[in-house]
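Q:
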Amino acid sequence: MSTRYIFTFSEMISFTTEVRAQAKSLALVPTMGALHEGHLSLVRQAKLQCDVVVVSIFVNPAQFGPTEDFARYPRSREKDFRLLESSNVHAVLAPSVAEVYPPGFSTFVDPGPIATVLEGAQRPGHFRGVATVVLRLFNIVKPDIAFFGQKDFQQVVIIRRLVEDLNLPVRIAVCPIVREADGLAMSSRNVYLSAEDRRAGVLLRRSLKRAQEMAQAGEVDSQKLLEEMHKLVDAEPRLQLDYAAIVDPATLAPAAVAIPGSVALVAARLGTGRLIDNLIFGPPGSTPEMKLQLAFVTQAADKEGGTTPRPDIDRLRLRIETCRDCAAVSSISLPAREFLVKYLKRDYADLGSTRVLVIGGCAPINPFGLPNFHPDAPNPFATRLYDLVGVKNFVEFKARFALTDAARCHAIGNRVDERTLEYCAKYLREELKLFPNLQSIVILGEYAYMQFQKHILGRERANIKAFGELLKAEGWAQETVRLPSHGERDMRIFYCYHPTFENKKSPSIAAYLEQA
Ligand code: AMP
Numbered sequence: 430m431s432t433r434y435i436f437t438f439s440e441m442i443s444f445t446t447e448v449r450a451q452a453k454s455l456a457l458v459p460t461m462g463a464l465h466e467g468h469l470s471l472v473r474q475a476k477l478q479c480d481v482v483v484v485s486i487f488v489n490p491a492q493f494g495p496t497e498d499f500a501r502y503p504r505s506r507e508k509d510f511r512l513l514e515s516s517n518v519h520a521v522l523a524p525s526v527a528e529v530y531p532p533g534f535s536t537f538v539d540p541g542p543i544a545t546v547l548e549g550a551q552r553p554g555h556f557r558g559v560a561t562v563v564l565r566l567f568n569i570v571k572p573d574i575a576f577f578g579q580k581d582f583q584q585v586v587i588i589r590r591l592v593e594d595l596n597l598p599v600r601i602a603v604c605p606i607v608r609e610a611d612g613l614a615m616s617s618r619n620v621y622l623s624a625e626d627r628r629a630g631v632l633l634r635r636s637l638k639r640a641q642e643m644a645q646a647g648e649v650d651s652q653k654l655l656e657e658m659h660k661l662v663d664a665e666p667r668l669q670l671d672y673a674a675i676v677d678p679a680t681l682a683p684a685a686v687a688i689p690g691s692v693a694l695v696a697a698r699l700g701t702g703r704l705i706d707n708l709i710f711g712p713p714g715s716t717p718e719m720k721l722q723l724a725f726v727t728q729a730a731d732k733e734g735g736t737t738p739r740p741d742i743d744r745l746r747l748r749i750e751t752c753r754d755c756a757a758v759s760s761i762s763l764p765a766r767e768f769l770v771k772y773l774k775r776d777y778a779d780l781g782s783t784r785v786l787v788i789g790g791c792a793p794i795n796p797f798g799l800p801n802f803h804p805d806a807p808n809p810f811a812t813r814l815y816d817l818v819g820v821k822n823f824v825e826f827k828a829r830f831a832l833t834d835a836a837r838c839h840a841i842g843n844r845v846d847e848r849t850l851e852y853c854a855k856y857l858r859e860e861l862k863l864f865p866n867l868q869s870i871v872i873l874g875e876y877a878y879m880q881f882q883k884h885i886l887g888r889e890r891a892n893i894k895a896f897g898e899l900l901k902a903e904g905w906a907q908e909t910v911r912l913p914s915h916g917e918r919d920m921r922i923f924y925c926y927h928p929t930f931e932n933k934k935s936p937s938i939a940a941y942l943e944q945a
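Take 430 as the starting number for the sequence shown in our numbering and just add one per residue.
(1) Spatial neighbours of Leu-681 within its chain, please: CB distance less than 8 Å, with the 5 preceding and 5 following residues excluded, ordered by chain position.
(2) By Cβ distance below 6 Å, which residues in the same chain neighbour Ser-616 in space, the five residues on each side in sequence not counted?
(3) For Glu-908 and Gln-882, I'd like the C-alpha separation in whole angstroms.
(4) Give me the Cα-Cα distance between Val-692 and Lys-660, rounded to the nearest whole angstrom.
(5) Whole angstroms is fine: what's the gap from Val-448's alpha carbon to Asn-568's?
(6) Excluding sequence positions up to five away, which residues of its chain have a Cβ less than 8 Å from the Cβ of Lys-653?
(7) Check whether the Cβ of Ser-610 lies closer than 8 Å to any heavy atom of the ligand AMP, and answer yes or no.
(8) Express the C-alpha separation of Val-818 and Leu-863 in angstroms, rounding to a whole number.
(9) Give me the Cα-Cα distance between Ala-456 and Pro-572, rounded to the nearest whole angstrom.
(10) Just mark Pro-928 as buried or exposed, buried being the case when its beta carbon has 16 or more other beta carbons within 10 Å.
(11) State yes or no: is the C-beta of Pro-459 nearer than 8 Å to some heavy atom of the ligand AMP?
(12) Any chance the CB of Glu-466 is under 8 Å from a heavy atom of the ligand AMP?
(13) On a Cα-Cα basis, can you pick out the residue from Glu-898, Met-879, Phe-444 that is closest to Glu-889?
(14) Report buried or exposed for Met-441, applying the criterion of at least 16 other Cβ atoms within 10 angstroms of its Cβ.
(15) For Leu-668, list the residues DSSP reports as bridge partners.
(16) Measure the CB-CB distance between Asp-671 and Ala-696 and report whether it falls below 9 Å.
(17) Under a three-way DSSP split, which group does Gly-789 fall into?
(18) Within 8 Å, do at least three Cβ pairs link the stretch 814-831 to the stretch 923-943?
(19) Is the beta carbon of Leu-912 sitting closer than 9 Å to the one on Ala-906?
(20) Please state whether the Cβ-Cβ distance between Ile-486 and Gly-462 is less than 9 Å.
(21) Can you give me the C-alpha to C-alpha distance between Arg-590 and Gln-868, rounded to a whole angstrom?
(22) Taking contact to mean 3 or more Cβ pairs, one atom from each stretch, closer than 8 Å, check whether the stretch 498-506 and the stretch 469-485 are in contact.
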């Protein structure tokens, strides 16, 4: 595959039209070039999730203040092109300033109050420039999913707001921060730093980690955490703190206490450079991906499903139906429902021939665990699943089974609102209809079991047998039910331990599936 280089919007529009004509999904990774591993992590995610990946390179003058570094911002076009070519990117869009802002251009996007705090307060007009160019790129490239880095946390919040407020038909995926070995967040601007600056710069990360340690040890008063952060940073005379803040991830309003999903942000001047960094609070052991989910999904679900004020059900439904949160974390867990359907339709010529559906709570764990994405490199989840159902590899798996995680594709954690799960189950019910000749369903793990019993079979919690009890004797269990999606036909349900989430392992049920 050769990478296409595109310099004009008209050519980009033709490219998008071609992609659309082939019914392929399209990803956009907007950058300002001077690419590093952080950018490339976005590209890798984009490649995992979409058929075609476009990376834009544009140093956007509208987001630089008059005294900022637009003229000297690092530019390394040849090297960038080589990197993107070896990443097998399908197209690079590198428009000129005149292409993006032709004579007479006069409409700018004002993202409102969230663009005037933190970075916005330090860099007036910055996010106006960002939102304008991103909207323009979205309109030209028309991506299904656009990929952004957590590194620029406020930018992500603003772009998500832009998409929601203006009903843009694009999903925003957020990828974790990629760091240098010493902990410094990678940035194109790090080239401005001297060796001594570098050593000082690492303190920003250290202050964030210190706040996290304190929060995990029980000190959640933001004031106290910020005092400690200030103390650490102020001890380094090279660093001049612009701000340190702990905020709510949706509104960026100061958070009095740091709860899981709250975000600590710092920015400091250092020599001729300036550094920003952030950290999402989460329980000990939580991965960067889980923390992103906490910031962008769970808090939103909690808020809408919380006790005070009572949520507006339609808003919650809309949220799940448009499913941008899921998209925001689809770099992490299972892709959103419609994305799943897309892959099913792409990978399965005829869903009518699938007789067995496997439903796993948090099934693929991460995209690398999706056997369909990595048919040649199955992970523990995949290999144990293959053992359970008696196949050797993904090709065999695909010939007989489909895998879904629809029961909880929209959130993780124990704090997921029940109604959210109910809506997720609605999608699962719809998905079941895609398989008209389904005979059996394999349920993996306690979580999927509970959701299936409650939201698909409609059983009262009091009548649902404890999972451990049910599986105690054989290590697995089965029952025959009728599902509304499949009329009067009997459906055999097999309940097994989750291949990777539970300590116990079910024996192979291959022989029983053969009979099904
Ligand atoms: P930039 O070229 O700086 O405008 O960045 C382009 C995209 O890459 C933005 O979405 C950034 O948030 C993202 N990005 C930049 N640095 C990193 C990093 N160290 N880790 C992850 N993403 C990053």
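By construction, the Cβ of each residue, glycine as well, lies at the ideal position given by its N, Cα and C atoms.
A: Taking the definition as stated:
(1) Taking the first residue of the sequence shown as position 1, residue 681 is located at position 252. Cβ within range, chain order: Ile-543, Val-546, Leu-547, Gln-583, Val-586.
(2) Position 187 of the sequence shown holds residue 616. Answer for Ser-616: no residue qualifies.
(3) Here residue 908 is taken as the residue at index 479 of the sequence shown, counted from 1. Here residue 882 is taken as the residue at index 453 of the sequence shown, counted from 1. Taking the straight line joining both Cα atoms gives about 11 Å.
(4) Within the sequence shown, residue 692 is the residue found at index 263, counting from 1. Within the sequence shown, residue 660 is the residue found at index 231, counting from 1. When rounded, the distance between both Cα atoms is 19 Å.
(5) In the sequence shown, counting from the first residue as 1, residue 448 sits at position 19. In the sequence shown, counting from the first residue as 1, residue 568 sits at position 139. For Val-448 and Asn-568, the distance between alpha carbons rounds to 15 Å.
(6) Here residue 653 is taken as the residue at index 224 of the sequence shown, counted from 1. Met-643, listed in sequence order.
(7) Numbered from its first residue, the sequence shown carries residue 610 at position 181. In the sequence on display, residue 610 carries Ala and not Ser. No, the beta carbon of Ala-610 sits no closer than 8 Å to any heavy atom of the ligand AMP.
(8) Reading the sequence shown from its first residue, position 434 is the one you call residue 863. Reading the sequence shown from its first residue, position 389 is the one you call residue 818. Leu-863 and Val-818: Cα-Cα distance of roughly 21 Å.
(9) By one-based count along the sequence shown, residue 456 stands at place 27. By one-based count along the sequence shown, residue 572 stands at place 143. Going from the Cα of Ala-456 to the Cα of Pro-572 covers about 5 Å.
(10) Numbered from 1 along the sequence shown, position 499 holds the residue referred to as residue 928. Burial call: buried.
(11) Translated into the one-based positions of the sequence shown, residue 459 becomes position 30. It does: the Cβ of Pro-459 is within 8 Å (strictly closer) of some heavy atom of the ligand AMP.
(12) Counting from 1 along the sequence shown, the entry for residue 466 is found at position 37. Yes, since a heavy atom of the ligand AMP falls inside the 8 Å radius drawn around the Cβ of Glu-466.
(13) The residue labelled residue 889 in the question sits at position 460 within the sequence shown. It is Met-879 whose Cα lies nearest to the Cα of Glu-889.
(14) Stepping through the sequence shown from its first residue, residue 441 is reached at position 12. Answer is buried; the Cβ neighbour count reaches 16.
(15) For this step, residue 668 is matched to residue 239 along the sequence shown. Its beta-bridge partners are Leu-699.
(16) In the sequence shown, the residue the question calls residue 671 occupies position 242. In the sequence shown, the residue the question calls residue 696 occupies position 267. It is a contact, given that the beta carbons lie within the stated cut-off.
(17) Along the sequence shown, one-based indexing puts residue 789 at 360. Strand, per DSSP.
(18) yes
(19) In the sequence shown, the residue the question calls residue 912 occupies position 483. In the sequence shown, the residue the question calls residue 906 occupies position 477. For Leu-912 and Ala-906, no; Cβs fall outside 9 Å.
(20) In the sequence shown, counting from the first residue as 1, residue 486 sits at position 57. In the sequence shown, counting from the first residue as 1, residue 462 sits at position 33. Yes, the pair counts as a contact, with Cβ atoms nearer than the cut-off.
(21) Sequence index remark: in the sequence shown, residue 590 carries index 161 (1-based). Sequence index remark: in the sequence shown, residue 868 carries index 439 (1-based). Answer to the nearest angstrom: the Cα atoms are 43 Å apart.
(22) no
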